[in-house]
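Asker: Provided herewith is a single structure, encoded as structure tokens, for subsequent inquiry.
Number of protein chains: 2
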Amino acid sequence: MNGATQAIRGIFFDLIDDPWKHSGHESRAARFLPDGLLVVKDGIIADFGPFDEVSPRHPGIAVTHIPDRLILPGFIDGHIHFPQVRVLGAYGNQLLDWLQKWIFPEELKYADREYAREAAGRFFDALLAGGTTTCQAFTTSSPVSTEEFFAEAARRNMRVIAGLTGIDRFAPEDFLITPEAFYAESKRLIGEYHRKGRNLYAITPRFAVGCTTEMMEACSRLKKEYPDCWINTHISENPSEIRTARQEYPDCTDYTQVHEKHGLLGPKFTAGHGVWLSDDEMRRFSRAGAAVSFCPLSNLFLGSGLFRLGRAKDPANPVRLSLGTDMGGGNSFSLIRAMEEAYKVGMCNNTMLDGSVNPREQDLAEAERNKLSPYRAFYLGTLGGAHSLYLDDVLGNFDKGKEADFVVLDWNAGQLAMAWRQSLAVPGGAPANVDEAAQLLFGIMAVGDDRNVDETWIAGARAHKRTPS
Amino acid sequence: MNGATQAIRGIFFDLIDDPWKHSGHESRAARFLPDGLLVVKDGIIADFGPFDEVSPRHPGIAVTHIPDRLILPGFIDGHIHFPQVRVLGAYGNQLLDWLQKWIFPEELKYADREYAREAAGRFFDALLAGGTTTCQAFTTSSPVSTEEFFAEAARRNMRVIAGLTGIDRFAPEDFLITPEAFYAESKRLIGEYHRKGRNLYAITPRFAVGCTTEMMEACSRLKKEYPDCWINTHISENPSEIRTARQEYPDCTDYTQVHEKHGLLGPKFTAGHGVWLSDDEMRRFSRAGAAVSFCPLSNLFLGSGLFRLGRAKDPANPVRLSLGTDMGGGNSFSLIRAMEEAYKVGMCNNTMLDGSVNPREQDLAEAERNKLSPYRAFYLGTLGGAHSLYLDDVLGNFDKGKEADFVVLDWNAGQLAMAWRQSLAVPGGAPANVDEAAQLLFGIMAVGDDRNVDETWIAGARAHKRTPS
């Protein structure tokens, strides 16, 4: 942690509530300070508010002024694959073929410590360049990759969740790990890394299709022994995968039941994708306090399908949601790009939900919830992600006592057309109120990318400054 | 045109045939020169081939060497809206609402000559930054916007197609133009601009829903009087729009028939989108020699739906296709980004066509045609676009006698993760054969954007050099 007390002055925007709870008045879920001051002590937010109010409370404090930028909480990536950094955006197949052809061979290399270490450096560099300050990551079935992941995260002082990634079937022989070895190595790694610095451990069955009952039982035992640990997996990404899950777990009526049966579905459980979850499965996620990580870059890139965002945000049974890039199935490290694609998924869903194609599919309330306003998008990428991961006590916005991870956004950067577009949203040149700030943020998510991330700060220290490239 | 004779040496990749005709052997449709020489005289390709063969034929010629880059024909955008440069990526609604809220008010400003002139400068700058050297553009119903568009294109010596854009209903009063005024102004503009320099004129009924029968008849008369002119319009973008078209043209069995009835469907006719075209409509497009411009950025951004690429490429009835950004419905000027989204649309289609959801929808042949390999993607963006616009005699590849518009691609630029990814595709550091070149190109379309466009050349002169931003 950065030991000194210091302050950052600038234009701040964060979410203080779920904007879906404020339909029609979403700005009530946001906090906007056109001239704010963030006071950080030992990496923790010690004070926050309008400059004129906060400044007198801290006479003589060193102030870093960051003008002409929007400062937001750091982005949280709920679902990403560390060992896929080099194969992001690989050509050609749906999930199961793609895994065999591109992913497994690359991930095998991460048993080599040097390769894994180099990759970890590149991985975290790319995260920071995209404005991501926290991620929940898959590693491989080799403990080496998990060790190097946590070691690099610790060097950078980043809040991360990861764990040895178990798979004991449907992959090449040398890619598999036995349930016994997975159990023993997971125990060792939990002891070594969980809650050491900012590292957090997730018991990680890769996906139920790739896990035998014995592997799921090993996870179940681990969760009982270490109830403080997270659980991270995949669910219902692709129709063929779901059929295989049904075949392999004939005693379960659906994919979700595999996790219920093993006592895993509950708080701190996240499953990536959930594209094909039924209404009933979503209700059970909601009641259990379990989360889905919505990965639109990947769902489009692999053609998995359109996640039913509006259904998941049913106010009667809301599912905890994060946004995930799912890099390398997702073709970018950028949560901003993930927001763009999430918006598109919502819009495509709504052309069906408006009833113009099939009147029986009309559901205008669900359609309204599919509309990814900037308030909703940046909620998913910050406080919402933190809430889904049960980390909203330490991350997600600028509340006092939280960890001071944040991003500094340049709303005019990116493709050449950006600046003129943004000038239409803020006639005064800078956002004068929360709506103007939100319009700039929509410009960033609709037209922008990692170029809009000018700086990324970890625990009060600048960890990334953009070099135009 | 650039009067001097000169030569460019570098790594060249272009398409010489439609790769869909070479399924399984798509590289046969491509031409790859790891060390090539392009000789340009008066803006026209005078010679092209391997450096060792071509160079001795031109002793003493000035050679510009561009190493470590892939040189491709300039990109062709088949569908873009000049007066939407400032509202690209606008928030919130499906087609018809979005037009009323964002588009019409902005387009109205283009009746002001100064505003239109400034916008034209920005528009062409953004095109060139994305590697686009030719576009077919909509303007507005004010002749001023068409004049300023052609004037700016002429200053830049770019091959463009555009025309006064007719709409006489379903828009604010001051946005409309009467069929009589549209007819008279179109005649005048054709006389003034068509085939002057590189400018080409398209008779442009905005979309049949916005055009009365009288407006369509004005277009019909214009096409008879000026058969050399192009026709540019929209079709079947959105289900609600199609229903409205059916209501407004009760004597037509489908949307396509509106154009058939007015004698417009034929060579040099392009309709943007075609998301919801029936199989029968596609067959009629194919037989007529008419084209569709596939606009995946827009179709996802507005939620219009998934274009059936594999159906349009049915070998029995192939539809001429270009790629379009449809900027501002599309949220980028970049054809590279359009290729990314086109790939995703194909992949999403295929999760239905593999029969895993509904066995009755299984069509593996169509699914194969949906797969947007780099050969297919860059064909659509270059030679295929030229073919669809009946410009393949002058544009689309490096054949002798064609116009020397090209882009210089840096395969390592873009988000931080790009270079390491690309190093996996080309172990030697540069592409040694056509397949390696294609793999780099897939990396660009899957992970890249306008940052990969290092230079853009128009008629043998460099018109854009990337400034890292």
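Just so you know, the protein sequences line up as chains A and B, in that order. Residues 1 to 469 (our numbering) make up the first sequence, in order. Residues 470 to 938 (our numbering) make up the second sequence, in order. Heads up, the beta-carbon is just placed ideally off N, CA and C, and yes, glycines get one too.
Assuming contact is defined by CB atoms lying nearer than 9 Å, are A:Gln-94 and A:Ser-293 in contact in what I supplied?
Answerer: The residue labelled residue 94 of chain A in the question sits at position 94 within the first sequence. The residue labelled residue 293 of chain A in the question sits at position 293 within the first sequence. No, Cβ-Cβ distance for A:Gln-94 and A:Ser-293 is not below 9 Å.
Asker: Is the CB of B:Met-470 under 9 Å away from at least one CB in chain A?
Answerer: As a working note, residue 470 of chain B is residue 1 in the second sequence. Residue confidence for B:Met-470 is low, a pLDDT of 41 falling below 50, so the modelled location carries little weight; the figure read from the coordinates is stated next. Closer than 9 Å: no.
Asker: For B:Glu-616, count the other beta carbons within 10 Å of its own beta carbon; 16 or more makes it buried, fewer makes it exposed. Which is it?
Answerer: In the second sequence, counting from the first residue as 1, residue 616 of chain B sits at position 147. Classification for B:Glu-616: buried.
Asker: Taking B:Ile-540 and B:Val-508 to be in contact with their CB atoms under 8 Å, please state how far apart those CB atoms are, rounded to whole angstroms.
Answerer: Within the second sequence, numbered from 1, the residue matching residue 540 of chain B stands at position 71. Within the second sequence, numbered from 1, the residue matching residue 508 of chain B stands at position 39. About 13 Å separates the two Cβ atoms, so there is no contact after all.
Asker: Cβ of A:Glu-366 within 9 Å of Cβ of A:Leu-383?
Answerer: Counting from 1 along the first sequence, the entry for residue 366 of chain A is found at position 366. Counting from 1 along the first sequence, the entry for residue 383 of chain A is found at position 383. No, the pair does not count as a contact, with Cβ atoms beyond the cut-off.
Asker: Does the beta carbon of A:Leu-300 come closer than 9 Å to any beta carbon on chain B?
Answerer: On the first sequence, residue 300 of chain A is found 300 positions in, with the first residue counted as 1. Chain B contact via Cβ: present.
Asker: From B:Ser-610, B:Leu-878 and B:Ser-755, pick the residue whose C-alpha is nearest to that of B:Ala-650; which is it?
Answerer: Residue 650 of chain B sits at position 181 when you count from the first residue of the second sequence. Of the candidates B:Ser-610, B:Leu-878 and B:Ser-755, the one whose C-alpha sits nearest the C-alpha of B:Ala-650 is B:Ser-610.
Asker: Counting only runs of 4+ residues fully inside the segment 637-685 of chain B, write out the alpha helix (DSSP H) ranges in chain order.
Answerer: Listed in chain order, they are 648-662.
Asker: What residues from the segment 85-98 of chain A come within 8 Å of chain B, judged by C-beta to C-beta, listed N to C?
Answerer: The segment 85-98 of chain A vs chain B, Cβ under 8 Å: Val-85, Arg-86, Val-87, Leu-88, Gly-89, Ala-90, Tyr-91, Gly-92 and Gln-94.
Asker: Is the CB-CB distance between B:Phe-607 and B:Pro-542 below 9 Å?
Answerer: Along the second sequence, read from residue 1 onward, the residue named residue 607 of chain B stands at position 138. Along the second sequence, read from residue 1 onward, the residue named residue 542 of chain B stands at position 73. No, the Cβ-Cβ distance between B:Phe-607 and B:Pro-542 is not below 9 Å.
Asker: Along the beta strand (DSSP E) that carries B:Val-761, what are the first and last residues, could you check?
Answerer: In the second sequence, residue 761 of chain B corresponds to position 292, counting from 1. It spans 760-763 - the beta strand (DSSP E) in which B:Val-761 sits, taken as one unbroken run.
Asker: Assign A:Met-1 to one of three DSSP states: helix, strand, or coil.
Answerer: Mapped onto the first sequence, residue 1 of chain A falls at position 1. Residue placement at A:Met-1 cannot be trusted, given a pLDDT of 40 that sits under 50; what the coordinates show is reported in the next sentence. Looking at A:Met-1 - three-state DSSP - the assignment turns out to be coil, as it is neither helix nor strand.
Asker: With distances taken between CB atoms, is the gap from B:Gly-512 to B:Val-523 smaller than 9 Å?
Answerer: As a first step, residue 512 of chain B is located in the second sequence; it is residue number 43 there, counting from the start. As a first step, residue 523 of chain B is located in the second sequence; it is residue number 54 there, counting from the start. Against a cut-off of 9 Å, the Cβ pair of B:Val-523 and B:Gly-512 comes out as no contact.
Asker: Residues in its own chain within less than 7 Å of A:Ala-126 by CB, not counting five upstream and five downstream?
Answerer: Against the first sequence, residue 126 of chain A aligns to sequence position 126. Within the same chain, A:Ala-126 has close Cβ partners Val-85 and Phe-333.
Asker: When the Cα atoms are used, what is the spatial distance from B:Arg-664 to B:Ala-930?
Answerer: Within the second sequence, the letter at position 195 stands for residue 664 of chain B. Within the second sequence, the letter at position 461 stands for residue 930 of chain B. The straight-line gap from Cα to Cα measures roughly 21 Å.
Asker: Once you ignore the five residues that flank B:Gly-600 on each side, which residues in its own chain have a CB closer than 6 Å to its CB?
Answerer: Taking the second sequence and counting its residues from 1, one reaches residue 600 of chain B at position 131. Hits under 6 Å: Phe-544, Val-876, Val-922 and Thr-925.
Asker: Can you list, in chain order, the residues of the segment 346-358 of chain A whose Cβ is nearer than 8 Å to any Cβ on chain B?
Answerer: Listed by position along the chain: Gly-346, Met-347, Cys-348, Asn-349, Asn-350, Thr-351, Asp-354, Ser-356 and Val-357.
Asker: Once DSSP output is grouped into helix, strand and coil, what is the label at B:Asp-904?
Answerer: For this step, residue 904 of chain B is matched to residue 435 along the second sequence. B:Asp-904: helix per DSSP, three-state reduction.
Asker: Any idea what DSSP makes of A:Gln-84, helix, strand or coil?
Answerer: The residue labelled residue 84 of chain A in the question sits at position 84 within the first sequence. Note: A:Gln-84 maps to helix in three-state DSSP.
Asker: Please list the terminal residues of the continuous beta strand (DSSP E) segment that includes B:Arg-920.
Answerer: Walking along the second sequence from the start, residue 920 of chain B turns up at place 451. Per DSSP, B:Arg-920 belongs to no beta strand (DSSP E) and is neither H nor E.
Asker: Could you check whether the Cβ of A:Ala-446 sits closer than 9 Å to any Cβ belonging to chain B?
Answerer: Translated into positions along the first sequence, residue 446 of chain A becomes position 446. Closer than 9 Å to some Cβ of chain B, the Cβ of A:Ala-446 qualifies, so yes.
Asker: Are the C-beta of A:Leu-335 and some C-beta of chain B separated by less than 9 Å?
Answerer: Residue 335 of chain A sits at position 335 when you count from the first residue of the first sequence. Not one chain B Cβ lies under 9 Å of A:Leu-335.
Asker: I'd like to check one pair, B:Arg-806 with B:Asp-904: are the Cβ atoms closer than 9 Å?
Answerer: Within the second sequence, residue 904 of chain B is the residue found at index 435, counting from 1. Within the second sequence, residue 806 of chain B is the residue found at index 337, counting from 1. No, these two residues do not count as a Cβ contact at 9 Å.
Asker: Can you tell which of A:Leu-372, A:Thr-467 and A:Tyr-379 has its C-alpha closest to the C-alpha of B:Ala-559?
Answerer: Reading the second sequence from its first residue, position 90 is the one you call residue 559 of chain B. Minimum Cα distance to B:Ala-559 is reached at A:Leu-372.
Asker: For B:Ala-598, go through chain A and note every residue whose CB falls closer than 9 Å to its CB, in chain order.
Answerer: In the second sequence, residue 598 of chain B corresponds to position 129, counting from 1. Simply Gln-415, Leu-416 and Ala-417.
Asker: What residue from B:Ala-476, B:Trp-489 and B:Gly-547 has the CA that sits closest to B:Pro-525's CA?
Answerer: Looking up residue 525 of chain B in the second sequence gives position 56. Per the Cα distances, B:Ala-476.
Asker: With H, G and I counted as helix, E and B as strand and the rest as coil, what does DSSP make of B:Phe-482?
Answerer: Mapped onto the second sequence, residue 482 of chain B falls at position 13. Strand.
Asker: Suppose the cutoff is 7 Å on Cβ atoms and the five residues either side in sequence are ignored; what does the same chain contact list for A:Ala-463 look like?
Answerer: Reading the first sequence from its first residue, position 463 is the one you call residue 463 of chain A. Leu-128, Arg-156, Thr-456 and Trp-457.
Asker: What separation, rounded to the nearest whole angstrom, lies between the Cα atoms of B:Arg-591 and A:Ala-417?
Answerer: By 1-based counting over the second sequence, the position of residue 591 of chain B is 122. By 1-based counting over the first sequence, the position of residue 417 of chain A is 417. Roughly 7 Å separates the two Cα atoms.
Asker: Spatial neighbours of B:Asn-819 within its chain, please: C-beta separation below 6 Å, excluding the five flanking residues on both sides.
Answerer: Mapped onto the second sequence, residue 819 of chain B falls at position 350. Same-chain partners within the cutoff: Ala-836 and Asn-839.
Asker: In this structure, does DSSP put B:Gly-505 in helix, strand or coil?
Answerer: Here residue 505 of chain B refers to the residue found at position 36 of the second sequence. DSSP places B:Gly-505 in strand when its eight states are reduced to three.
Asker: Cα separation between A:Met-1 and A:Arg-159?
Answerer: Translated into the one-based positions of the first sequence, residue 1 of chain A becomes position 1. Translated into the one-based positions of the first sequence, residue 159 of chain A becomes position 159. Here A:Met-1 scores only 40 on pLDDT, less than 50, and its place in the model is too uncertain to base an answer on.
Asker: Quick check on the DSSP output: the beta strand (DSSP E) that includes B:Lys-533 runs from which residue to which?
Answerer: One-based indexing of the second sequence puts residue 533 of chain B at position 64. Before going further, note that residue 533 of chain B is Thr rather than Lys in the sequence given. Looking at the DSSP string, the run of the beta strand (DSSP E) that includes B:Thr-533 is 532-542.
Asker: In this structure, how does DSSP classify A:Trp-230 when only helix, strand and coil are distinguished?
Answerer: For the purposes of this step, residue 230 of chain A is taken as residue 230 along the first sequence, with counting starting at 1. A:Trp-230 falls in the strand class under three-state DSSP.
Asker: For a test of the three-state rule: what should DSSP assign to B:Lys-510, helix, strand or coil?
Answerer: The residue labelled residue 510 of chain B in the question sits at position 41 within the second sequence. In this structure, B:Lys-510 counts as strand in the three-state DSSP scheme.
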